[in-house]
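Numbering (my numbering) for the sequence shown: 386 to 758.
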Amino acid sequence: MLFKTLINHPADWMQGSGPHSEIVMTSRVRLARNLRGFPFPGYSQEHQRLELVQLARPCVDALPEMKDGYSEDYAKLSKTRKQVMVERHLVSREHAARANGCAVAVDRKQNLSIMINEEDHFRIQGIRPGLNLRSAWQLVDKVDTELEGALPYAYDEKLGYLTACPTNLGTGMRASVMLHLPALALTDQINPVIKAVGKIGLAVRGLYGEGTEALGNLFQISNQHTLGEKESEIISQIEKVIERVINSETNARQKLVEDNPNMLQDQVGRAYAILRHAHILASKEALNLLSLLRLGADLDLISNCDRSLLDMLLLEIQPAHLQLRAGKDLSPEERDLRRAEITRTRLHSLAGPSNVSNNQPPPEAPTSDLPDE
């Protein structure tokens, strides 16, 4: 598959469907694996990384799941193309910063990606829409078993799978969920929720993982430790926490509708107006406004809005996607202009927001202080 073909086809997880998809955008499970006889990528020389790629890539490309997929050596990928894959959560920011001795393989539906020579020799990642961690786990577990049958994994009977970072020892698994939490942010409840999640041993990160900002009210929640725990136990723990967060966001949305309908309609209406008519849109502003519009769609304030349209737009307006579409590097000012143009075009047929509740009485007609003639 060509890179252009991959990018022109939306991934399954971009379709806005799945359990609790109004709040949970994606579920992701990632496995860290290494091979015996090779130093970890961070301690290896270029010729050793190249040797590992030559050994491992044919095994990865031969996986049944990778049929008609995309596979490429990083030395042949431009900076923009690598960043596009970061924006699609197919590779990490750290992996995209590398070149020789690295490669990536992605299945045609973009549910599965395998990074070669990231922090570990392999990062096997499955992504599914909505709250679907078990489905993501089943996908990567199957691929992991197939690779383990073909390659000499580094494994210890006591410690489990050996990894570059000690926190990944054991199962080598990271399970994470991407949540859209605008109501908790609007009602100033997001910080207490984040602190509560952190106290029970889970990590809360921004849109692109560790060290990134929660743009568009998007948060990632994941486990931090893997040693001494089974994969099913890790997933069950995260699912329980996510269900509580979902309840908190649902209650916050209901509270906004009941207690602050005017504020809610004002926020959604302003977001709609700016997105539909702005000619300059910075990335951060656009993401935050689309977050409010998505909230309006979920609460039926925007009656004819397909959520997948907004989810796709969240990707299309990212910097690397804009530059790939333009076929050249763009200055920040040029990106802001193109971002606004694409947003106006995509939302052209979208009707404006309706009232929060049709049961609200109409406003009283203003009285006049003018004397009768």
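Cβ atoms here follow ideal geometry from the backbone N, Cα and C, with glycine treated the same way.
Here the structure is a predicted model, which is why all the values come from computation and not from measurement.
Item: Simplified DSSP assignment, three categories, for Gln703; Value: coil
Item: Extent of the continuous alpha helix (DSSP H) to which Asn647 belongs; Value: 646 to 662
Item: Minimum C-alpha distance to Ile623 - residue among Lys640, Ala667, Ile659, Val589; Value: Val589
Item: Proximity of Leu353 and Tyr455 at Cβ, strictly below 9 Å; Value: This structure leaves residue 353 out entirely; the chain is present only between 386 and 758.
Item: Opening and closing residue of the alpha helix (DSSP H) in which Arg729 lies; Value: 717 to 731
Item: Environment of His506 [buried if 16+ CB atoms lie within 10 Å]; Value: buried
Item: Backbone CA spacing between Arg629 and Gly557 [nearest angstrom]; Value: 26 Å
Item: Close Cβ partners of Arg421 (< 8 Å) along its chain, the five nearest in sequence each way excluded; Value: Pro537, Tyr538, Ala539
Item: Identity of the residue in Glu542, Glu718, Val626, Lys640 nearest Lys580 by Cα; Value: Val626
Item: Which listed residue (Val653, Lys640, Pro567, Asp644) has its alpha carbon closest to that of Met410; Value: Pro567
Item: Gln745 in three-state terms, based on DSSP; Value: At Gln745 the pLDDT is 47, less than 50, meaning the model places this residue with poor confidence and gives no usable figure here.
Item: Contact under 9 Å by Cβ, Met470 with Val491; Value: yes
Item: Cα-Cα separation, Asn647 to Leu554; Value: 51 Å
Item: Beta-ladder partner(s) of Tyr455, from DSSP; Value: Val491
Item: Rounded Cβ spacing between Leu675 and Gly601 (contact assumed at less than 8 Å); Value: 6 Å
Item: Ala599 and Arg413 closer than 9 Å at C-beta; Value: no
Item: Secondary structure, beta strand (DSSP E): runs of 3+ residues fully inside the region 403 to 431; Value: 409 to 418
Item: Between the CA atoms of Glu701 and Asn419 - distance to the nearest angstrom; Value: 34 Å
Item: Unbroken alpha helix (DSSP H) run spanning Met470, endpoints; Value: 464 to 472
Item: Contact the region 393 to 406 vs the region 684 to 698: 3+ CB pairs below 8 Å; Value: yes
Item: Cβ shell of His706 (< 7 Å), same chain only, five flanking positions each side left out; Value: Val469, Glu472, Leu700
Item: Start and end residues, alpha helix (DSSP H) containing Ser520; Value: 518 to 533
Item: The region 495 to 511 touching the region 522 to 531, judged by at least three CB pairs closer than 8 Å; Value: yes
Item: Distance between beta carbons of Met563 and Leu603, contact taken as under 8 Å; Value: 6 Å
Item: For Tyr546, the nearest candidate out of Ser621, Glu503, Ala417 (CA to CA); Value: Ala417
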